[in-house]
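Structure first, then comments.
In mature numbering (1 follows the signal peptide of the UniProt record, and there is no 0), the protein residues as written are -19 to -1, 1 to 102.
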């Protein structure tokens, strides 16, 4: 009965997802463009053009600080898709349970922003 085996693996996968969510003791982030929250993030003292995970949203939201002519430094906010969070170290939206959001601010001043600089090599 191959159907029983498939159901077993689906059930195990669902149980693992639920267990990880509750064992991590943190809520699963489910923001949308319609309910993007205000957070404490600030572009002050950040590298312009850098991508920054927002721990206030369990890293589902990330920011890009850009200097806009006539305006100054502007904070552009983005969301990773539901089920993912912004991995500050790798600069990507990754599976939510694989991202150590609490450590994100440790990478704010890292040199991984060279990827976005013209002439970096």
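Yeah, the Cβ is synthetic: ideal placement off N, Cα and C, and Gly gets one too.
- Distance from the CA atom of residue 55 to the CA atom of residue 34, rounded to whole angstroms, is 16 Å.
- Between residue 40 and residue 27, the C-beta spacing is not below 8 Å.
- With fewer than 16 other CB atoms across the displayed protein chains lying within 10 angstroms of its CB, residue 71 is exposed.
- Close CB contacts of residue 85 within its chain, under the 7 Å cut and outside five residues either way in sequence, are with 34, 36, 40 and 69 (chain order).
- Counting of Cβ neighbours within 10 angstroms places residue 18 among the exposed residues, the total staying below 16.
- About 6 Å separates the beta carbons of residue 12 and residue 42, which is inside the 8 Å limit, making them a contact pair.
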